[in-house]
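Everything below concerns the one structure shown next.
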Amino acid sequence: MKFRAIQAEGVSECRSLLEKLRDGDISANFIEGMGCTCGCVGGPRTNVGAGDGKKSVNSYASEAETGNPIDNDAVKHLLKHLKELEKTGFDQLLLRQYKP
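With this note's numbering, letter number 34 in the sequence shown gets 62, and the count goes up by one each step, no holes.
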C-alpha cells in the first residue's frame with residue numbers, strides 16, 4: 029500500500045477536510061488535522077507567541093536524553109505493561125518508518 033497523507037491546519041481547513049472526507053473526495057489513507065494554526069505551540073489561547081513557544085519547545089527537546097520517545101526506557105517500560113498494547117505485539121508498536 030502506498031502512503032498518501034493529507035494535512036489540515038486550523039479549524040477552517042479541518043472542517044473542509046472532514047467535509048471532503050465525508051463526501052468521498054479524499055484519496056489519502058492518512059489524515060492529520062490540527063485545530064490550532066501552527067500546531068499547539070502558538071495556537072489559539074496560548075500564553076506566549078508562536079516564536080517564543082517554538083524556541084522553548086526546541087530548547088526542551090535539545091536537552092532530552094533521547095531524540096525519539098520510543099528510545100526512552102520509561103516509555104518502553106510503560107508500553108510493555110499496558111495490557112491492551114501487549115495484545116497488539118510490542119515489537120509492532122516500535123516501527124520507526126513506514127514500510128509499504
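Just so you know, even glycine gets a beta-carbon here, dropped at the ideal spot from N, CA and C.
Subject >> Complete runs of the alpha helix (DSSP H) confined to the stretch 32-89 [at least 4 residues] >> reply: The stretch 32-89 contains these whole alpha helix (DSSP H) runs: 39-50.
Original post:
How many Å lie between LEU46 and ALA56 at the Cα?
Top reply: Here the alpha carbon of LEU46 sits roughly 12 Å from the alpha carbon of ALA56.
**OP:** Enumerate in chain order the residues of its own chain whose CB-to-CB distance from GLY61 is below 7 Å, with the five nearest sequence positions on each side excluded.
**Re:** ALA36, CYS42 and LEU45.
Original post:
Residue range of the alpha helix (DSSP H) that LYS104 falls in?
Top reply: Taken as a continuous stretch (DSSP letters only), the alpha helix (DSSP H) holding LYS104 covers 101-109.
**OP:** Measuring alpha carbon to alpha carbon, tell me which of GLY38, VAL39 and ILE34 ends up nearest LEU49.
**Re:** Checked all of GLY38, VAL39 and ILE34; the closest Cα to LEU49 is ILE34.
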